[in-house]
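Whatever position you read off the sequence shown (first residue = 1), add 25 for the working numbering. Positions of the beta carbon are idealized from the N, C-alpha and C atoms, including for glycine. Since this is a predicted model, take the numbers as computed values, not measurements.
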Amino acid sequence: MKSLGVRHVIGTCVVSSLRKEIEPGTFVVPNQFINFTWGRDDTFEVDHQLVHLPMAQPYCEQMQGIVNRELKTMGVSYRATGTVIVIQGPRFSTIAESKMFALWGGDVVNMTQYPECYFAHELGLCYGAVATVTDYDVGIPSAISMQAESIEIVLAIFRRNTSATVTLLEKLSVAAEEITKCNCATDRLAEYYKLANG
Ligand SMILES: [Zn+2]
26 MKSLGVRHVI
36 GTCVVSSLRK
46 EIEPGTFVVP
56 NQFINFTWGR
66 DDTFEVDHQL
76 VHLPMAQPYC
86 EQMQGIVNRE
96 LKTMGVSYRA
106 TGTVIVIQGP
116 RFSTIAESKM
126 FALWGGDVVN
136 MTQYPECYFA
146 HELGLCYGAV
156 ATVTDYDVGI
166 PSAISMQAES
176 IEIVLAIFRR
186 NTSATVTLLE
196 KLSVAAEEIT
206 KCNCATDRLA
216 EYYKLANG
């Protein structure tokens, strides 16, 4: 995408909720993640130069704002911010792990967001994400969870979420000019190369 000239990326993802109040069917606009993955590539080493990029704010804040504004116009249930716990997979969590993730500040859990969010930073691309909740993670006892007897309910929510996500992306494509005005990722990269080069 970088080589094609893309400068702004919106990632969509499917998540499970770690909190009772974040119900299946809700959109979550991530503003933080906690990475529990391992063995994945951690860097492009852009231009073979090691740069310690900050990740205090991993997501493009302007894009977050626009995504939230468009979600509001859709009248769907959404959370303006959220912390994604990124697990390695392919297995799901144990009950103990799931409860721990909630205690550690996680709102939702999935297997993506890392490293793609960071890679976007290394390449100077503004990165935003939108997550849709399909079910409750195992730390919250519920009929809406990944178990054989409730798979049809979860799939129905997944299909509704997918359809609403397509609507959201159509709205965001209309707002593309506004989204592409942000230069936070390229500005940050330029700043850190300047620091790294003294
Ligand atoms: Zn930005």
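8 Å contact criterion, which residue i and residue j should meet: CB distance rounded
i      : j      : result
TRP129 : ILE176 : Actually they do not touch by this definition, with Cβ atoms about 28 Å apart.
VAL40  : VAL54  : Wrong, their Cβ atoms sit about 12 Å apart, outside the cutoff.
GLN89  : GLY153 : 6 Å
PHE61  : VAL111 : 6 Å
LEU197 : ILE35  : 6 Å
Buried versus exposed, by CB contacts within 10 Å (16 or more), residue i
i      : result
GLU216 : exposed
ALA210 : buried
THR159 : buried
MET99  : exposed
ASP162 : buried
ALA81  : exposed
ILE47  : buried
ILE169 : buried
VAL133 : buried
GLY30  : exposed
In DSSP terms, what residue i is bridged to
i      : result
TYR139 : According to DSSP, which records beta bridges pairwise, TYR139 is partnered with nothing at all.
GLU103 : A small fix is needed here, since residue 103 is Tyr in this sequence, not Glu. According to DSSP, which records beta bridges pairwise, TYR103 is partnered with PHE52.
ALA156 : CYS38 and VAL53
ILE59  : ILE110
CYS207 : Looking at the DSSP assignment, CYS207 forms no beta bridge with any residue, so it has no partner.
HIS77  : Paired residue(s): none; HIS77 is not in a bridge.
Inter-residue spacing [alpha-carbon to alpha-carbon] between residue i and residue j
i      : j      : result
ARG104 : ASN222 : 40 Å
GLN172 : VAL101 : 26 Å
GLU202 : ILE91  : 11 Å
MET9   : LYS45  : Outside the displayed span of the chain (26 to 223) sits residue 9, for which this structure offers no information.
THR205 : HIS33  : 6 Å
ALA181 : PHE69  : 38 Å
THR119 : ALA156 : 22 Å
GLU86  : ASN56  : 8 Å
ARG65  : ARG185 : 31 Å
LYS219 : PHE183 : 45 Å
PHE144 : GLU174 : 38 Å
(message) Taking 8 Å as the cut-off, does the segment 127-141 touch the segment 189-206 (at least 3 CB pairs, one atom from each stretch)?
(response) no
(message) Under 8 Å: do the segment 60-79 and the segment 90-99 share three or more Cβ pairs, one atom per stretch?
(response) no
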